[in-house]
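Undergrad: Have a look at this one before I ask anything.
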Amino acid sequence: MIEALKVLVKEEISAKAIALLKEHFEVQVMVDLSRDALKEIISQYDGLIIRSETRVDEELLERATRLKVIGRAGVGLDNIDLEAATKRGIIVTNAPQSNVVSAAEHAIALLMSLCRYVPQANASLKGGAWERSKFKGIEVQGKYLGIAGLGRVGTLVAQKASGLGMKVIAHDPYVSEERFHQLGISRARELKDLFEVSDFITIHLPKTKDTYHMFGRQEFQAMKRGVLLINVARGSIVDTEALVEALESGQVGGAALDVFEEEPCTDSPLFKSPQVVVTPHLGASTIEAQDKAGVVIAEQVRAALLGEPVTNAVNVPAASPEVMEVLSPFFPLAEKLGGLMVRLYSGRLNTLGVEYSGQVAEYDTRLLTLAILKGMFDKFVEEHVNYVNAPLIAKERGIEVRESKTRFSRDYVNLITLKAENAETEFSVSGTVLGKRNVPRFVSIDKFMIDMVPSKYMAFFRYKDVPGRIGIIGTILGRNNINIANMQVGRKKIEGDAMTAINTDSPIPEEVMEEIRQQLGIEEARFREL
Numbered sequence: 001m002i003e004a005l006k007v008l009v010k011e012e013i014s015a016k017a018i019a020l021l022k023e024h025f026e027v028q029v030m031v032d033l034s035r036d037a038l039k040e041i042i043s044q045y046d047g048l049i050i051r052s053e054t055r056v057d058e059e060l061l062e063r064a065t066r067l068k069v070i071g072r073a074g075v076g077l078d079n080i081d082l083e084a085a086t087k088r089g090i091i092v093t094n095a096p097q098s099n100v101v102s103a104a105e106h107a108i109a110l111l112m113s114l115c116r117y118v119p120q121a122n123a124s125l126k127g128g129a130w131e132r133s134k135f136k137g138i139e140v141q142g143k144y145l146g147i148a149g150l151g152r153v154g155t156l157v158a159q160k161a162s163g164l165g166m167k168v169i170a171h172d173p174y175v176s177e178e179r180f181h182q183l184g185i186s187r188a189r190e191l192k193d194l195f196e197v198s199d200f201i202t203i204h205l206p207k208t209k210d211t212y213h214m215f216g217r218q219e220f221q222a223m224k225r226g227v228l229l230i231n232v233a234r235g236s237i238v239d240t241e242a243l244v245e246a247l248e249s250g251q252v253g254g255a256a257l258d259v260f261e262e263e264p265c266t267d268s269p270l271f272k273s274p275q276v277v278v279t280p281h282l283g284a285s286t287i288e289a290q291d292k293a294g295v296v297i298a299e300q301v302r303a304a305l306l307g308e309p310v311t312n313a314v315n316v317p318a319a320s321p322e323v324m325e326v327l328s329p330f331f332p333l334a335e336k337l338g339g340l341m342v343r344l345y346s347g348r349l350n351t352l353g354v355e356y357s358g359q360v361a362e363y364d365t366r367l368l369t370l371a372i373l374k375g376m377f378d379k380f381v382e383e384h385v386n387y388v389n390a391p392l393i394a395k396e397r398g399i400e401v402r403e404s405k406t407r408f409s410r411d412y413v414n415l416i417t418l419k420a421e422n423a424e425t426e427f428s429v430s431g432t433v434l435g436k437r438n439v440p441r442f443v444s445i446d447k448f449m450i451d452m453v454p455s456k457y458m459a460f461f462r463y464k465d466v467p468g469r470i471g472i473i474g475t476i477l478g479r480n481n482i483n484i485a486n487m488q489v490g491r492k493k494i495e496g497d498a499m500t501a502i503n504t505d506s507p508i509p510e511e512v513m514e515e516i517r518q519q520l521g522i523e524e525a526r527f528r529e530l
């Protein structure tokens, strides 16, 4: 007799979701289970459903010998070791759209509460005071709302704010001009452009190294005096100390915060300010969002255990074993090419051309294109990017993806080329895999021929090809104790433009890059962390 598949529900999901699971599996709900107890019994289960409280790390996964799928009833995946799960062939899936409406509505609720002193007036009246004149608010109609990040939540906030009669302006370099036009909102080319006009600013960005303290002292000083700030995204995006100073000086007129740098947060200097409205990370805390997340994740876990396509899988692309055996060496290259493209191309991306040349073109390459998109958007959008939602993210940003193939490849057995196109410019990057170990290589950047193994720290310099330029770069890096691991120079013709690409063992500070720009008399010098 075949043993029934077993699913452990470790955190609360709706009764409807539980019922759906019980149609197919043996289900046990243990929401009060301690971590030690979980470690003792996890080996008995094929599926695990959690929310944000349960930590699924290497230690736990070592004991999960039967586990086939982890379902996160919600969006965030910070509490799951994706790499460890992937190594063990465990599918990880989530419910990425379950809280979009709730988060957007909470942002609007905080905005209105901030404008009309709703929490303060409520506390005052319940305390026995009738203080109408003390809580004189402002209207939002006709005011400018600046949105930092135009993903799903940011887009919905824009639509709702427009319905309130607000003038909406947004900054998101990964959204096309056409998409801005479709939404009927203004585009801020740079954050500073958004700061200059916005009466309110709402943040809808992901938590990444690049967004850490993105809103600090300099940014607050660049804003209109008295601006009101709303954050329902990630607490680390805002420098708490700088915000406190800006509130005390009046540069920032008020803030409404649902997220904090450290959570749970029960004590903060922000709590002492009468201009601050706070909630304990309630962006997804609605009946509808919780129910939706539970049902969606139950459906995903059911599909995974029954061998059906898992539409929200975040770590495993689906393909036949035969195709995967051929394509698997190209997935790391595809993601790195996508990451390189988005880090080097500074124009508006309307069309992304993906060309496969050589033997790889004989296969179904759609999965590789998904890997390219994942590499492009990962860490640059609010959502957790996977092979399923990557094309949807591109579509939402008005980016058209065109895939083409040719069996002819002049210089390499296989070649993948990405071309970013808009009305004014075209930019391309190409790569291949070489050797018995299928090592990824960047072989062309903007048609400059190079040969570089991708690494964490890379720098790129474009300049007029005259003697001494490479020496200047090396001298400045050496003087700042930055070791060059590898260097390649490409040029199209003698005395024309040249490009130098460098792998370094450590990051290159911006002030060092600026010194190189000044010494070479160029603007196009970029350090990128892949």
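Residue numbers 1 to 530, in the UniProt record's numbering, belong to the letters of the sequence shown in order.
Where a beta carbon is used, it is the ideal one built from N, C-alpha and C, also for glycine.
1. If we count the other Cβ atoms within 10 Å of its Cβ and call it buried at 16 or more, is V9 buried or exposed?
2. What does a CB cutoff of less than 6 Å around E421 pick up in its chain, not counting 5 residues either side in sequence?
3. Identify the residues that DSSP records as bridge partners of P440: which are they?
4. Threshold first: 4 residues or longer. Then list the alpha helix (DSSP H) segments lying entirely within the region 10-51, N to C.
5. Taking the straight line between their C-alpha atoms, what separation do you get for I522 and V466?
6. For M1, collect the residues of the same chain with a Cβ closer than 6 Å to its Cβ; drop the 5 residues on either side in sequence, then sort them by chain order.
7. Between which two residues does the beta strand (DSSP E) holding F380 run?
8. Can you tell me which of the three DSSP states M223 falls into?
9. How would you label M30, buried or exposed, when you count the other beta carbons within 10 angstroms and need 16 or more for buried?
10. By alpha-carbon positions, which one of R66, H281 and R517 ends up nearest to N231?
11. Looking at the secondary structure, which residues open and close the beta strand (DSSP E) in which E299 lies?
12. With 16 other CB atoms within 10 Å as the buried threshold, where does T504 fall?
13. Report the residue ranges of all alpha helix (DSSP H) runs contained in full by the region 428-507; include only those spanning at least 4 residues, in chain order.
14. Can you give the Cα-Cα distance for A246 and T365, rounded to whole angstroms?
15. Counting only runs that start and end within the region 52-114, where is the alpha helix (DSSP H) found for 4 or more residues in a row?
16. To the nearest angstrom, report how far apart Q519 and R469 are at their CA atoms.
17. Please name the residue or residues paired with F527 in a DSSP beta bridge.
18. What's the C-alpha gap between G254 and V227?
19. Tell me whether the region 399-409 and the region 331-348 touch, counting them as touching only if at least three CB pairs, one residue from each stretch, are closer than 8 Å.
20. Assign V413 to one of three DSSP states: helix, strand, or coil.
21. Just the C-alpha distance for N483 and L48, rounded to the nearest angstrom, thanks.
22. Within 10 angstroms of the Cβ of N94, are there 16 or more other Cβ atoms? Answer buried if so, exposed if not.
23. May I ask you to verify whether the region 448-459 touches the region 503-517, counting CB pairs closer than 8 Å and requiring at least 3?
24. Going by beta-carbon coordinates alone, are E58 and D81 separated by less than 8 Å?
25. Is it right to say residue 531 is buried, meaning 16 or more other beta carbons lie within 10 angstroms of its own, or is it exposed?
26. Using DSSP with H/G/I as helix, E/B as strand and the rest coil, what is I185?
27. Look up R402 in the DSSP assignment and give the residues it is bridged to.
28. Using the Cα positions of S249 and L111, report the straight-line distance between them to the nearest angstrom.
29. Which of helix, strand or coil does DSSP assign to K134?
30. If the criterion is Cβ atoms closer than 8 Å, does the pair S98 and G76 meet it?
31. Would you kindly work out how many angstroms separate the C-alpha atoms of I203 and K379, rounded to a whole number?
32. Straight-line CA distance for V277 to F135?
33. Identify which residue in M449, R437 and T425 has its Cα closest to the Cα of G431.
34. At what residue ranges does the region 211-271 contain a whole run of the beta strand (DSSP E), taking only runs of 3 or more?
TA: Looking at the coordinates:
1. buried
2. The answer, listed in chain order, is T351.
3. Per DSSP, V433.
4. 15-22 and 35-41
5. Straight-line Cα distance between these residues: approximately 13 Å.
6. Model confidence at M1 stands at a pLDDT of 38, short of 50, so the residue's coordinates are unreliable and nothing is read from them.
7. No beta strand (DSSP E) holds F380; DSSP gives it neither H nor E.
8. coil
9. exposed
10. H281
11. Where E299 is concerned, there is no enclosing beta strand (DSSP E), although the alpha helix (DSSP H) it sits in stretches over I287 to L305.
12. buried
13. 469-479
14. Looking at the two C-alpha atoms, the distance is approximately 51 Å.
15. Those alpha helix (DSSP H) runs which fall completely within the region 52-114 and span 4+ residues are 58-63 and 82-87.
16. 9 Å
17. A459
18. 7 Å
19. no
20. coil
21. 46 Å
22. buried
23. yes
24. The Cβ-Cβ distance between E58 and D81 falls below 8 Å.
25. The first residue shown for the chain is 1 and the last is 530, placing residue 531 beyond what the model contains.
26. coil
27. Looking at the DSSP output, R402 shares a beta bridge with G353.
28. 21 Å
29. coil
30. Between S98 and G76, the C-beta spacing is not below 8 Å.
31. Roughly 15 Å between the two C-alpha positions.
32. Each residue's Cα considered, the two are about 14 Å apart.
33. Out of M449, R437 and T425, M449 has the C-alpha closest to the C-alpha of G431.
34. Annotation note: the region 211-271 contains the following uninterrupted beta strand (DSSP E) runs of length 3 or greater, listed N- to C-terminal: 227-231 and 252-257.
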